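One structure below.
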Amino acid sequence: SLMGGAAALGAAGPALGQTEPAKPAQLVVNHSGGSMGTAMRKAFFNGFEKKYGIKVVETSPADFGKLRAMVESGNVEWDVTEIGGQDAIRATKMNLVEKIDDKIVDRSKYPEKVRTPYVFASSVYTTIIGYRTDVFKGGTQPKSWADWWDVKKFPGARSMRNHPTDNLEFALIADGVPMDKIYPIDFDRAFKKLDQIKPHISVWWTTGQQPAQLLLDKEVVLATGWNGRFYDLIKKGGPVEIEWNEGALKQGSFVIPRGAKNAYWGQKMLAEMSVPQQQAIYASELGYPGLNLESLNYVDAKVKPYLPTQYIDKQFWIDDNWYAENGNKAIELWNAWLLKKG
Numbered sequence: 015s016l017m018g019g020a021a022a023l024g025a026a027g028p029a030l031g032q033t034e035p036a037k038p039a040q041l042v043v044n045h046s047g048g049s050m051g052t053a054m055r056k057a058f059f060n061g062f063e064k065k066y067g068i069k070v071v072e073t074s075p076a077d078f079g080k081l082r083a084m085v086e087s088g089n090v091e092w093d094v095t096e097i098g099g100q101d102a103i104r105a106t107k108m109n110l111v112e113k114i115d116d117k118i119v120d121r122s123k124y125p126e127k128v129r130t131p132y133v134f135a136s137s138v139y140t141t142i143i144g145y146r147t148d149v150f151k152g153g154t155q156p157k158s159w160a161d162w163w164d165v166k167k168f169p170g171a172r173s174m175r176n177h178p179t180d181n182l183e184f185a186l187i188a189d190g191v192p193m194d195k196i197y198p199i200d201f202d203r204a205f206k207k208l209d210q211i212k213p214h215i216s217v218w219w220t221t222g223q224q225p226a227q228l229l230l231d232k233e234v235v236l237a238t239g240w241n242g243r244f245y246d247l248i249k250k251g252g253p254v255e256i257e258w259n260e261g262a263l264k265q266g267s268f269v270i271p272r273g274a275k276n277a278y279w280g281q282k283m284l285a286e287m288s289v290p291q292q293q294a295i296y297a298s299e300l301g302y303p304g305l306n307l308e309s310l311n312y313v314d315a316k317v318k319p320y321l322p323t324q325y326i327d328k329q330f331w332i333d334d335n336w337y338a339e340n341g342n343k344a345i346e347l348w349n350a351w352l353l354k355k356g
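Note that my numbering gives residue 108 to position 94 of the sequence shown, counting from 1, and the numbers run on in steps of one.
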């Protein structure tokens, strides 16, 4: 019958043959807020509301403890939530999240690396080098971490993040470790190399906004930072550019909490977040593109050079699995190293 054909085409519900669950009045999406929320509203939420007639209610921030408490108490308020990379691994191991339904959420154009069963890779950002264009004219900026460590050839005040993630990796790369051989991290080797650069770091930054501001105020001529923060400055005509080589890639992640009241519609939201045209809108706002690689085809030519998905081959992925096991130790060692004189 015609009906049967249509149902098969639409893969009508959680399982074939079941009808679509009733539409709730609202869907609750929890995320980290701020400019990200504004971009998500523009790129995904407005369209979702129009398409399904379901109001999208936003809450924030992402909070692993809260997610765990909700799932364990059986009172899940969120239908979809953002989650940190290491927390996503913990949540999966602790059975706190629903499996992503590949019949609903099409990730076929995503890099293999980010197509995991329980975690939706929503976006990608990278930690890279930002530099003052008036100091490093015409391509004279450091183009590698070995260059960053070479303070004779590339003089000037620098800023790096007050955190082991990225810096341990950059140190090893500067010391000659190939990008695909970074993990497991050799702490002794990394900190020995960091000893060399420590005297040249005038500020250890703690917030995403800081490195861009430090460059703008001429307090430093070089800073590591998140690409979107530099992009924001560049968009406004700031005297800053980005060196993309050897950047540290991280994915933004979303999950559906186990026992979410509207899990099916949560899957539909993830599906909306994977549409390349919608991802292009999000990328243009923030400079953090989605991982449907087709979305690059829908981005304005002026924006493209500022998206990390253009440079995946020149960069490496931060290993969340390694950090899930070794993150606490890394932070302890980092804090002790930072306090060390000399």
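Every residue, glycine too, gets a C-beta built ideally from N, C-alpha and C. The structure presented is a predicted model; accordingly, all values stated were derived computationally and were not measured.
Nearest-angstrom beta carbon gap, residue j and residue i [assumed within contact, 8 Å]
i, j, result
"Ala53", "Glu346", "Between Glu346 and Ala53 the Cβ distance is about 35 Å, and since that is not below 8 Å, they are no contact."
"Pro178", "Trp331", "Contact doesn't hold; Cβ gap of about 16 Å is too wide."
"Phe268", "Thr130", "Between Thr130 and Phe268 the Cβ distance is about 12 Å, and since that is not below 8 Å, they are no contact."
"Leu307", "Lys123", "5 Å"
"Ala294", "Tyr312", "4 Å"
"Trp162", "Ile143", "7 Å"
"Val235", "Arg146", "5 Å"
Short Cβ contact (8 Å threshold) for residue i with residue j
i, j, result
"Gln265", "Ala135", "yes"
"Asp93", "Ile326", "no"
"Trp159", "Phe184", "yes"
"Met193", "Ile187", "yes"
"Ile97", "Ala105", "yes"
"Lys343", "Ile118", "no"
"Ile103", "Asn340", "no"
"Leu230", "Ala237", "no"
"Glu233", "Ala171", "yes"
"Val111", "Tyr132", "yes"
"Pro35", "Tyr296", "no"
"Lys195", "Asn259", "no"
"Gln324", "Gly261", "no"
"Asp189", "Lys207", "yes"
Between the CA atoms of residue j and residue i - distance to the nearest angstrom
i, j, result
"Gln74", "Gly152", "The identity of residue 74 in the sequence shown is Ser, whereas the question assumes Gln. Roughly 43 Å between the two C-alpha positions."
"Asp246", "Gln292", "20 Å"
"Gly273", "Gly304", "26 Å"
"Lys316", "Lys354", "45 Å"
"Leu16", "Thr33", "Reliability fails at Leu16, whose pLDDT of 43 lies under 50, so the model's placement of it is uncertain and the value that follows must be treated cautiously. Rounded to the nearest angstrom, the two C-alpha atoms are 16 Å apart."
"Leu23", "Lys37", "Unreliable positioning characterises Leu23 in this predicted model, as indicated by a pLDDT of 46, which lies under 50. The coordinate reading is nonetheless provided below. Answer to the nearest angstrom: the Cα atoms are 20 Å apart."
"Glu286", "Val90", "22 Å"
"Ala338", "Phe201", "16 Å"
"Gly301", "Gly242", "5 Å"
"Asp333", "Leu263", "9 Å"
"His45", "Arg55", "11 Å"
"Asp164", "His214", "10 Å"
"Glu255", "Thr140", "14 Å"
"Ala21", "Ser288", "A caution first: Ala21 carries a pLDDT of 44, below 50, which makes its placement in the model unreliable, though a value can still be read off. Going by the C-alpha atoms only, they are around 23 Å apart."
"Ser137", "Asn181", "22 Å"
"Ala350", "Gln155", "31 Å"
"Gln224", "Lys80", "28 Å"
"Phe78", "Asp101", "7 Å"
"Leu352", "Asn176", "9 Å"
"Asn109", "Trp240", "31 Å"
"Asn361", "Asp116", "Here the chain has residues from 15 to 356 only, and residue 361 is not among them."
"Val379", "Gly48", "Absent from the model: residue 379. The displayed extent of the chain is 15 to 356, so no value can be given."
"Pro253", "Lys107", "45 Å"
Endpoints, the beta strand (DSSP E) within which residue i is located
i, result
"Thr238", "236 to 240"
"Asn259", "254 to 269"
"Thr95", "94 to 97"
"Tyr278", "Tyr278 -> not in any beta strand (DSSP E); alpha helix (DSSP H) instead, spanning 277 to 287."
"Lys206", "No beta strand (DSSP E) contains Lys206, which is instead part of the alpha helix (DSSP H) from 201 to 211."
"Ser173", "172 to 175"
"Gln40", "40 to 44"
"Thr73", "69 to 73"
"Thr141", "134 to 146"
"Ile215", "215 to 219"
N- and C-terminal bounds of the alpha helix (DSSP H) containing residue i
i, result
"Leu300", "290 to 300"
"Glu86", "78 to 87"
"Lys343", "334 to 353"
"Gly51", "48 to 54"
"Leu305", "Where Leu305 is concerned, there is no enclosing alpha helix (DSSP H), given that its DSSP letter is neither H nor E."
"Asn60", "60 to 66"
Residue-chain proximity (residue i, chain C), Cβ-Cβ < 8 Å
i, result
"Lys318", "Absent here is chain C; the protein component of the structure consists of one chain."
heavy atom of the ligand HEM below 7 Å from residue i C-beta
i, result
"Lys127", "The ligand HEM is absent from the structure shown, which contains no ligand whatsoever."
- Looking at C-beta atoms only, is the number of pairs between the region 244 to 263 and the region 58 to 73 that lie closer than 8 Å three or more? no
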